[in-house]
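Mapped onto the working numbering, the consecutive letters of the sequence shown carry residue numbers 70 to 338. Down below is the structure, laid out as structure tokens.
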Amino acid sequence: MTVSVLALLTLATLAACGTESGSGSGSGDGRGTVRTDLPVTGVHWNVDSVTVGGKRTVAPDGAHVTITPDGRATGNFGCNHFTAPVRVDGDTVTVKSATATEMGCEKDLQQFERALSSTFSGRLTAAVEEKSLTLTTAKGDSIAFTSERAAPLIGTTWTVTALVSGSASSSLPAGAGKKAQLSFGKDDSVQGSPGCNQIRGTATVSGSAITFGRINGTKMMCPDPQMKVERALLAILDGRTTYRIDHRTLTLTAANGEGFSATAPAPGK
């Protein structure tokens, strides 16, 4: 009887090992299995927390990392932006010295940045489970991440943050910030406010292009900064444009090189 029990336990262990898979939908199959098919590269990873010496610190809003397939990590340590060469080999992620901006930050942010930047360095072991990633150092310190999908063009309220002319970008003038918002509908429509008046018109999306038709709107007069932004945006929303979405940032450019960038709200906000 003892031999039979041991044999059954051995078979059960082998069967359990056989259910673990590196392929699939990434959402699990309801039987407690872990799937590791979510790639480390090409994903926007929000930093949830950093644990150093057994002390866990929750990350501030905006801390994130993206690892590109060509071997570069970019992101934000919590205040400053950074970039670093990186190599991914199986479950090993090796991060070389990072180059970061040097903005002055609040004391708490500076402390978090030091913890994150020192942990996100050298040879790390990656563990991926559904939408989460954990990077662990040889000493046992770790960084916890959650993946976040890019904002969809359709159905998102995009808040204009800057005007673009060729390769130059300028922030909106004082008094115009957060007033210019646009949203695109499934019915080939666009509506919102370019800064002062309410507008609605047609916007046909095809591939990476948006072709704007007739735009109708109210005729109120507003303070000069808002009107200046409105005139610039209405000139862009005319005819064929191209667009690109980088996570929660939309860049839209007209044929003459004039355009704007806009941001989507964070999930749940």
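Even glycine gets a Cβ: it sits at the ideal position worked out from N, Cα and C.
- In the structure shown, VAL112 falls within a coil segment according to DSSP collapsed to helix, strand and coil.
- Distance from the CA atom of GLN179 to the CA atom of ASP130, rounded to whole angstroms, is 14 Å.
- A distance below 7 Å between beta-carbons, with the five flanking residues on each side excluded, links THR318 to the following residues of its chain, in chain order: SER330 and THR332.
- Straight-line spacing of the CA atoms in THR137 and ALA153 works out to 11 Å.
- Going by DSSP, ARG300 is part of the alpha helix (DSSP H) stretching over 293 to 305.
- Under the three-state reduction of DSSP, LEU241 is assigned to coil, being neither helix nor strand.
- Excluding its 5 nearest sequence neighbours in each direction, THR273 has C-beta neighbours in its own chain below 6 Å: ASP257 and THR280, listed in chain order.
- Contact annotation: ASP158 and THR188 have beta-carbon atoms that are not nearer than 7 Å.
- Taking all protein chains in view, the Cβ of ILE268 is crowded by 16 or more other Cβ atoms within 10 Å, so the residue is classified as buried.
- For LEU193, the enclosing beta strand (DSSP E) starts and ends at 191 to 198.
- Taking C-beta separations shorter than 6 Å and ignoring five residues to either side along the sequence, the partners of CYS291 in its chain run CYS265, following chain order.
- Membership of LEU178 in the alpha helix (DSSP H) is indicated by the continuous run 176 to 188.
- Around the beta carbon of VAL127, a 10 Å sphere encloses fewer than 16 other beta carbons of the protein chains shown; the residue is thus reported as exposed.
- For the pair of segments examined, the stretch 227 to 236 was found to touch the stretch 293 to 313: the number of CB pairs separated by less than 8 Å reaches three.
- In chain order, PHE253, GLY254, LYS255 and VAL274 place their CB closer than 8 Å to the CB of ILE223, counting only its own chain and leaving out the 5 sequence neighbours on each side.
- Taking all protein chains shown into account, PRO336 has fewer than 16 neighbouring C-beta atoms within 10 Å of its C-beta and is therefore exposed.
- In the structure shown, ASN145 falls within a strand segment according to DSSP collapsed to helix, strand and coil.
- Per DSSP, reduced to three states, the secondary structure at LYS124 is strand.
- The alpha carbon of ASN145 has as its nearest neighbour, out of THR322, VAL121 and GLU171, the alpha carbon of GLU171.
- Looking at the backbone, the Cα of GLY270 and that of THR320 are separated by about 19 Å.
- In the three-state DSSP reduction, GLY224 falls in the coil class, being neither helix nor strand.
- The beta carbon of LEU185 is closer than 6 Å to those of VAL119 and PHE146 in its chain, skipping five residues each way along the sequence.
- The C-alpha of ASP315 is placed about 16 Å away from the C-alpha of SER238.
- Remark: C-beta atoms of SER216 and LYS200 approach each other more closely than 7 Å.
- Taking a 10 Å sphere around the C-beta of SER277, we find fewer than 16 other C-beta atoms and assign the residue as exposed.
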